[in-house]
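Asker: Sharing a structure below in structure tokens format, with a few things to ask.
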């Protein structure tokens, strides 16, 4: 297993971690100042600053990407909605390409309207079918521009609103169906917050192998958890066996970055400088 204790060369920052403290241009500058050489930005943050401006900042600071957040949210109530989702995912692929991202992360969606409290339908099997068809169509376009897609399974608590793909096994089944040749164009983003509990996790990481393991996200699961979306823990503050999971990832061939992604009202209330400095310290000591 790689030794992270001497530097933070393998640290990436998902920009949601300090999104309430700073705009994306400031985040890039603060990361560059601390020797954090990679980020994974969100589309709304990029749009706020401007795609061309962000691309220029990345070039001038030498900061790269570990991924781009996000595509997905394929299911819809009608044909027009399905078409709109595909068009939006095509734009997401183009943005990821413009920023030279190694992959576009897919949060696939589930029951349309559920996030607003008014689901258009409650047939999760239908939603999974629309997800399958949506990824297939996006993959067809992504191949033409060389942008890999990384399916991110989300914890079952988010199965209704955000993602009906909830285990690594489900995500890999889709990969095997849609990309049987293991081309490197379709894989998974393994976020420990969403998958740490899964008794099949280690076996499915081994099944994925280097070709499918496109991204690795770290944080921690607090016990008790006070909010199912915005109470992620800083690495080392919770119950996830971070080193064990990373050892399994690397044994399976993963050689990429460890991306810190923390949605937390607690950490959002702290100075951004404190958050980044803590990320660096915990990356070296517990990740």
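In UniProt numbering, the protein residues as written are 1 to 287. For every residue, glycine included, the Cβ atom is placed at its ideal position computed from N, Cα and C. The model shown is predicted, which means the values in this text are computed figures rather than measured ones.
#1: Between which two residues does the alpha helix (DSSP H) harbouring residue 141 extend?
#2: Starting from the C-beta of residue 203, find all residues in its chain whose C-beta is less than 6 angstroms away, skip the five residues before and the five after it, and write them out in chain order.
#3: Terminal residues of the continuous alpha helix (DSSP H) containing residue 69?
#4: Within the same chain, show all residues whose beta-carbon is closer than 7 angstroms to that of residue 147, passing over the 5 residues directly before and after it, in chain order.
#5: Kindly give me the distance between the Cβ atoms of residue 149 and residue 135, rounded to whole angstroms, as I take these residues to be in contact under 8 angstroms.
#6: Can you list, in chain order, the residues of its chain whose CB lies under 7 angstroms from that of residue 229, leaving out five sequence neighbours each side?
#7: With 16 other CB atoms within 10 Å as the buried threshold, where does residue 248 fall?
#8: Tell me which residues share the same chain as residue 64 and place their Cβ nearer than 6 angstroms to its Cβ, disregarding the 5 neighbours each side in the sequence.
#9: Quick one: what does DSSP say residue 219 is sitting in, helix, strand or coil?
#10: What residues match up with residue 13 in a beta bridge as DSSP calls it?
#11: Give the straight-line distance between the Cα atoms of residue 90 and residue 138, rounded to the nearest whole angstrom.
#12: Considering only their Cβ atoms, is the gap separating residue 210 from residue 141 smaller than 8 angstroms?
#13: Looking at the secondary structure, which residues open and close the alpha helix (DSSP H) in which residue 151 lies?
Answerer: Once the coordinates are examined:
#1: 124–145
#2: none
#3: Counting along the chain, residue 69 falls outside any alpha helix (DSSP H), though it belongs to the beta strand (DSSP E) covering 68–72.
#4: 93, 96, 97, 104
#5: 7 angstroms
#6: 263
#7: Answer is buried; the Cβ neighbour count reaches 16.
#8: 38
#9: coil
#10: 39, 260
#11: 7 angstroms
#12: Not closer than 8 angstroms, so no.
#13: Bounds of any alpha helix (DSSP H) do not take in residue 151; it lies within the beta strand (DSSP E) bounded by 149–151.
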